[in-house]
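Student: Attaching a single structure in structure tokens format; questions to follow.
Protein chains: 2
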Amino acid sequence: IPQSHHAGTGPQSARRNQPFLTPPEEEEGGGGMGRGKIEIKRIENQSNRQVTFSKRKNGILKKAKEISVLCDAEVGVVVFSSAGKLYDFCSPRTSLSRILEKYQTNSGKILWDEKHKSLSAEIDRIKKENDNMQIELRHLKGEDMNSLQPKELIMIEEALDNGLTSLHEKQMEHYDRLVKHVCMS
Amino acid sequence: IPQSHHAGTGPQSARRNQPFLTPPEEEEGGGGMGRGKIEIKRIENQSNRQVTFSKRKNGILKKAKEISVLCDAEVGVVVFSSAGKLYDFCSPRTSLSRILEKYQTNSGKILWDEKHKSLSAEIDRIKKENDNMQIELRHLKGEDMNSLQPKELIMIEEALDNGLTSLHEKQMEHYDRLVKHVCMS
DNA sequence: AGCGCTATTTATAAAAG
DNA sequence: TCTTTTATAAATAGCGC
């Protein structure tokens, strides 16, 4: 998409990143080439501060999304610009409320009363069930088996064999039906 | 401090970033040069997932701190590892509670009282997920297959075959380890 | 679990539109 | 204010300890 212009300059080999041994002509005679390091302290210029906020806010939300996907982590992020505008992110399959609830449980800090403990408890229970199935599924698919003992592997193997057997029977039924159908026509 | 070795390869002018047209001698005969892009999807290898989580978690908390300082923003971040360990950040001069209060005011979402809805919605969602996994599990175990089409059966078959293949590899590892152990004793 | 190393990939500060 | 561009600064994947 970028692939800017590059009016037919010629060969333009595959090299990239020609640093700038000689400044390849300043775009304008004028001054600033800049980009550069900044120290981590409040940006005084309000405009710059706003721009930087916008960029970094996007950056953080993106990072949050990435870690939640990559590492299967639960993440909640809430950001207010200095102007008071709100931005937030919450990992999929959960909610800020849920994360905060967990936060309370885990940190001991109480963010709100405990009216919803029971609902929460049910969610925990179901999620646990969920996790167990997830694990079983993974195992049947041959994933995450490093922690398994030989005995457990054998049980999985039996399950898989049984599955295949049943499945083949079923496939045979389909096959027979097909053959029968063809013969009759 | 770093300034590693670089045994006198020669002139080594000020250029950096010599990619690696020819690998300038591998340190050891051994293999891995690696580093590289990864796609944003769950990291299957548990160990890598944990390491990446740790690194990126630090990264996000750092970014949160930076934006809060640079841009005078209020930021709250809560992260749970997949193992359930909690990490969090909150900008200075405030607290998570205060940020959340502001969040409610600003977003209209009421985290506490309206939590019922989100909780029950979540329960519904999880239960549905649960059901789907249940079905998939049954299928892999060769149950409830009457409603499946041949094509679907084939997909299941492939899954089972893949599972068996992976599993046999794993069993082979156990076996090899056992043999090795016996021989050594 | 964490730190150091380095090649690469990303994020971004500045500038200009 | 948001976007695109470009040169730099940072983050980080895969190793090794």
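First to last, the protein sequences are chains A and B.
Going by my numbering, the first sequence opens with residue 1, and the numbers climb by one from there.
Going by my numbering, the second sequence opens with residue 1001, and the numbers climb by one from there.
Glycine included, every Cβ here is placed at the ideal spot set by N, Cα and C.
Can you list, in chain order, the residues of its chain whose CB lies under 6 Å from that of residue 1139(B), leaving out five sequence neighbours each side?
Tutor: In the second sequence, counting from the first residue as 1, residue 1139(B) sits at position 139. Excluding residues within five positions, the ones whose Cβ falls inside 6 Å are 1156.
Student: Starting from residue 86(A), follow its DSSP beta bridges and name the residues at the other end.
Tutor: Walking along the first sequence from the start, residue 86(A) turns up at place 86. DSSP lists 80(A) as partners of residue 86(A).
Student: For residue 1071(B) and chain A, any beta-carbon pair shorter than 8 Å?
Tutor: Taking the first residue of the second sequence as 1, we reach residue 1071(B) at position 71. True, the Cβ-Cβ gap to chain A drops below 8 Å.
Student: My understanding is that residue 1145(B) touches residue 170(A), with C-beta atoms under 8 Å, so please give their C-beta distance in whole angstroms.
Tutor: Sequence index remark: in the second sequence, residue 1145(B) carries index 145 (1-based). Sequence index remark: in the first sequence, residue 170(A) carries index 170 (1-based). Between residue 170(A) and residue 1145(B) the Cβ distance is about 5 Å, and since that is below 8 Å, they are a contact.
Student: Counting beta carbon pairs with one atom in the stretch 1033 to 1045 of chain B and one in the stretch 38 to 54 of chain A, are three or more of them shorter than 8 Å?
Tutor: no
Student: Quick one: is residue 1016(B) buried, meaning 16 or more other Cβ sit within 10 Å of its Cβ, or exposed?
Tutor: As a first step, residue 1016(B) is located in the second sequence; it is residue number 16 there, counting from the start. Model confidence at residue 1016(B) stands at a pLDDT of 33, short of 50, so the residue's coordinates are unreliable and nothing is read from them.
Student: Is residue 174(A) helix, strand or coil when you go by DSSP?
Tutor: The residue you call residue 174(A) lines up with position 174 of the first sequence. If DSSP states are grouped into helix, strand and coil, residue 174(A) belongs with the helices.
Student: Per the DSSP calculation, residue 1075(B) is bridged to which residue(s)?
Tutor: By one-based count along the second sequence, residue 1075(B) stands at place 75. In DSSP, residue 1075(B) forms a bridge with 79(A).
Student: Please report the residue range of the alpha helix (DSSP H) in which residue 137(A) lies.
Tutor: Taking the first sequence and counting its residues from 1, one reaches residue 137(A) at position 137. Counting along the chain, the alpha helix (DSSP H) containing residue 137(A) begins and ends at 117 to 140.
Student: Is residue 1069(B) near residue 40(A), with beta carbons less than 8 Å apart?
Tutor: In the second sequence, residue 1069(B) corresponds to position 69, counting from 1. In the first sequence, residue 40(A) corresponds to position 40, counting from 1. Cβ distance < 8 Å, so residue 1069(B) and residue 40(A) count as in contact.
Student: Looking only at C-alpha atoms, which of 1078(B), 1063(B) and 1054(B) sits nearest to residue 71(A)?
Tutor: Within the first sequence, the letter at position 71 stands for residue 71(A). Ranking 1078(B), 1063(B) and 1054(B) by Cα distance to residue 71(A) puts 1054(B) first.
Student: Here's a check: name, in chain order, each residue in its chain whose Cβ is nearer than 6 Å to the Cβ of residue 1089(B), leaving out the five neighbours to either side.
Tutor: For this step, residue 1089(B) is matched to residue 89 along the second sequence. Same-chain partners within the cutoff: 1061, 1064 and 1077.
Student: Helix, strand or coil: how does DSSP classify residue 94(A) here?
Tutor: What you label residue 94(A) is simply residue 94 of the first sequence in a count that begins at 1. Reduced to three states, the DSSP call for residue 94(A) is coil.
Student: Between the stretch 1133 to 1158 of chain B and chain A, which residues of the former have a C-beta closer than 9 Å to a C-beta of the latter?
Tutor: 1133, 1134, 1136, 1137, 1139, 1140, 1141, 1142, 1143, 1145, 1146, 1148, 1149, 1150, 1153, 1154, 1156 and 1157
Student: Give me the Cα-Cα distance between residue 175(A) and residue 163(A), rounded to the nearest whole angstrom.
Tutor: For this step, residue 175(A) is matched to residue 175 along the first sequence. For this step, residue 163(A) is matched to residue 163 along the first sequence. Their Cα atoms are separated by approximately 18 Å.
Student: How long is the line joining the alpha carbons of residue 1107(B) and residue 159(A), rounded to whole angstroms?
Tutor: Along the second sequence, one-based indexing puts residue 1107(B) at 107. Along the first sequence, one-based indexing puts residue 159(A) at 159. Cα to Cα, residue 1107(B) sits roughly 49 Å from residue 159(A).
Student: Just checking: is the beta-carbon of residue 121(A) within a distance shorter than 8 Å of some beta-carbon in chain B?
Tutor: Position 121 of the first sequence, counted from the start, is the residue given in the question as residue 121(A). No, residue 121(A) lies away from the interface with chain B (no Cβ there is under 8 Å from its Cβ).
Student: Residue 181(A) versus chain B: which residues are under 7 Å apart at the beta carbon?
Tutor: To locate residue 181(A), count along the first sequence from 1; it is residue 181. Chain B residues near residue 181(A): none, gap ~13 Å exceeds 7 Å.
Student: Hey, is residue 82(A)'s beta-carbon within less than 8 Å of any beta-carbon in chain B?
Tutor: Walking along the first sequence from the start, residue 82(A) turns up at place 82. It does; some Cβ of chain B falls within 8 Å.
Student: List, in order along the chain, the chain A residues whose C-beta lies closer than 7 Å to that of residue 1057(B)?
Tutor: Position 57 of the second sequence, counted from the start, is the residue given in the question as residue 1057(B). Ordered by position in chain A, the residues that pass the 7 Å Cβ test against residue 1057(B) are 67.
Student: Among 1167(B), 1119(B) and 1121(B), which residue has its Cα nearest to the Cα of residue 151(A)?
Tutor: Along the first sequence, one-based indexing puts residue 151(A) at 151. It is 1167(B).
Student: I need the DSSP call for residue 1162(B), collapsed to helix, strand or coil.
Tutor: Within the second sequence, residue 1162(B) is the residue found at index 162, counting from 1. Three-state result, residue 1162(B): helix.
Student: Which one of 127(A), 111(A) and 173(A) has the shortest CA to CA distance from residue 1149(B)?
Tutor: For the purposes of this step, residue 1149(B) is identified with residue 149 of the second sequence, where counting begins at 1. Closest by alpha carbon: 173(A).
Student: Does the ligand SAH have a heavy atom nearer than 7 Å to the CB of residue 1093(B)?
Tutor: With respect to the ligand SAH, the structure offers nothing, as it holds no ligand at all.
Student: Here's the rule I'm using: 16 or more other beta-carbon atoms within 10 Å means buried, otherwise exposed. How should residue 75(A) be labelled?
Tutor: As a position in the first sequence, residue 75(A) is number 75, starting the count at 1. So residue 75(A) counts as buried.
Student: Quick check: the Cα distance between residue 97(A) and residue 1177(B), rounded to an integer number of angstroms?
Tutor: Here the question's residue 97(A) lines up with position 97 in the first sequence. Here the question's residue 1177(B) lines up with position 177 in the second sequence. Each residue's Cα considered, the two are about 48 Å apart.
Student: Residue 1088(B) versus chain A: which residues are under 8 Å apart at the beta carbon?
Tutor: Looking up residue 1088(B) in the second sequence gives position 88. Within 8 Å of the CB of residue 1088(B), the CB atoms of chain A belong to 103 and 107, in sequence order along the chain.
Student: How long is the line joining the alpha carbons of residue 1095(B) and residue 1121(B), rounded to whole angstroms?
Tutor: Start at 1 with the first residue of the second sequence, and residue 1095(B) comes out as number 95. Start at 1 with the first residue of the second sequence, and residue 1121(B) comes out as number 121. Rounded to whole angstroms, residue 1095(B) to residue 1121(B) spans 28 Å at the Cα level.
Student: Does DSSP put residue 1049(B) in a helix, in a strand, or in coil?
Tutor: Within the second sequence, residue 1049(B) is the residue found at index 49, counting from 1. DSSP, reduced to helix, strand and coil, places residue 1049(B) within a helical segment of the structure shown.
Student: Under a Cβ-count criterion, where at least 16 other Cβ atoms within 10 Å of its own Cβ denotes burial, should residue 1091(B) be classed as buried or exposed?
Tutor: What you label residue 1091(B) is simply residue 91 of the second sequence in a count that begins at 1. Residue burial annotation: residue 1091(B) is buried, with at least 16 other C-beta atoms found within 10 angstroms of its C-beta.
Student: For residue 1104(B), which of 105(A), 48(A) and 84(A) has the nearest alpha-carbon?
Tutor: Indexing the second sequence from 1 puts residue 1104(B) at position 104. Among 105(A), 48(A) and 84(A), the Cα nearest to that of residue 1104(B) is on 84(A).
Student: Measure the C-alpha to C-alpha separation of residue 1059(B) and residue 66(A) and round it to an integer number of angstroms.
Tutor: Numbered from 1 along the second sequence, position 59 holds the residue referred to as residue 1059(B). Numbered from 1 along the first sequence, position 66 holds the residue referred to as residue 66(A). Rounded to the nearest angstrom, the two C-alpha atoms are 12 Å apart.
Student: So for residue 68(A), helix, strand or coil by DSSP?
Tutor: The count along the first sequence starts at 1 and reaches residue 68(A) at position 68. Note: residue 68(A) maps to helix in three-state DSSP.
Student: Taking the alpha-carbon of residue 52(A) as reference, which of 1051(B), 1073(B), 1052(B) and 1049(B) has the nearest alpha-carbon?
Tutor: Within the first sequence, the letter at position 52 stands for residue 52(A). Closest option to residue 52(A), Cα to Cα, is 1073(B).
Student: Between the alpha carbons of residue 119(A) and residue 48(A), how many angstroms are there, rounded?
Tutor: As a first step, residue 119(A) is located in the first sequence; it is residue number 119 there, counting from the start. As a first step, residue 48(A) is located in the first sequence; it is residue number 48 there, counting from the start. For residue 119(A) and residue 48(A), the distance between alpha carbons rounds to 46 Å.
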